[in-house]
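Visitor: For the sequence shown, my numbering begins at 99 and goes up steadily by one.
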Amino acid sequence: MAELLTLDNLFTLMMLILLQAVLGFDNLLYISLESKRVAPHRQAYVRRVGIGLAILLRIVLLFVITSAIQYFQDPFTHFNWPGVIEGSLTIHSLIVLIGGVFIMYTATKEIAHMLSLDDLEQDTEAGGKSVTMAIFWIVAMNLVFSFDSILSAIALTDVFWVMAAAILISGLLMIALADRVSDFLQKNRMYEVLGLFILFIVGILLLSEGGHLSHLKLFGTAIEPMAKSTFYFVIGVMVLVDIVQGRYQRKLNRERELFQKP
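This is how it looks when you write it as structure tokens:
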């Protein structure tokens, strides 16, 4: 444990915590939206237990990946249909692809649910999803998001305890922030739309990353991963548009009130 306290390792630890925080933003958003589906008095419990279990499984996953990283990167199947689809799957790429599809499906389903007038009465009732299922999906998606952060951590250091400490500290920060993010979305329901579209883009990011890891070619064109800088730029533009649109809407409402005065 003394090796954890060297200056080099402490600096690496701070860098990893920052990296985990940046990469964990979309995960935190998913946790907040998923926990909203259970009864209100159980939502905080779901978030804490889900993140707590995910932290433990992340450390287990870290140990497994560092011990057998080649098995996650070696292809286990190939497909070759020239001119249509070519590539090969690894365990890593398959998990990322499945995660991307699931997140896009979840975001699309929730957006459709928000727009459906038939579900208006259900929206006012307590969440109908079971606590067990909500925790399961929080843990499962947390592990999907874990791969990139763990592989990035391995690129920065080979000291297991430094990586494990970063996972533990970032997980505790997620527990502390999850309630605040959830409360903010509950009080500002319009931002749920923004959050769902951000999740949709996260799904596209994961699909492009999984396709790149699989060396996937569709109709002769190689799938390139979405750059993280592009992802954060798109998110920034979406947030800015949402803020401007909200302020402009308030201005229009104010003008309407002024014109309606006798």
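From the three backbone atoms N, C-alpha and C, an ideal C-beta is built for every residue, glycine too.
1. Check for me: the alpha helix (DSSP H) holding residue 310 runs from which residue to which?
2. What are the boundary residues of the beta strand (DSSP E) that residue 177 is part of?
3. Flag this pair as yes or no: are the beta carbons of residue 333 and residue 160 separated by less than 8 Å?
4. Suppose you measure from the CA of residue 240 to the CA of residue 149; what does that come to, to the nearest Å?
5. Which residue wins for smallest C-alpha separation from residue 192, given the options 312, 284 and 156?
6. Cα separation between residue 282 and residue 177?
7. Among 128, 352 and 355, which one has its Cα closest to the Cα of residue 292?
8. Taking Cβ positions, are residue 208 and residue 305 nearer each other than 8 Å?
9. Flag this pair as yes or no: are the beta carbons of residue 135 and residue 238 separated by less than 8 Å?
10. Which residues share a DSSP beta bridge with residue 274?
11. In this structure, does DSSP put residue 319 in helix, strand or coil?
12. Can you tell which of 310, 267 and 321 has the C-alpha that lies nearest to the C-alpha of residue 114?
13. Taking residue 190 as the reference, give the member of 184, 183 and 169 with the closest Cα.
14. If you draw a straight line from the alpha carbon of residue 353 to that of residue 301, how long is it in whole angstroms?
15. Among the candidates 324, 277 and 229, whose CA atom is the shortest distance from the CA of residue 303?
16. Is residue 80 near residue 308, with beta carbons less than 8 Å apart?
17. Is the beta carbon of residue 299 sitting closer than 8 Å to the one on residue 329?
Guide: The answer reads as follows:
1. 289-311
2. 175-179
3. no
4. 8 Å
5. 312
6. 46 Å
7. 128
8. no
9. no
10. Partner(s): none; residue 274 has no beta bridge.
11. strand
12. 267
13. 169
14. 39 Å
15. 324
16. With the chain covering only 99 through 360, there is no way to say anything about residue 80.
17. yes
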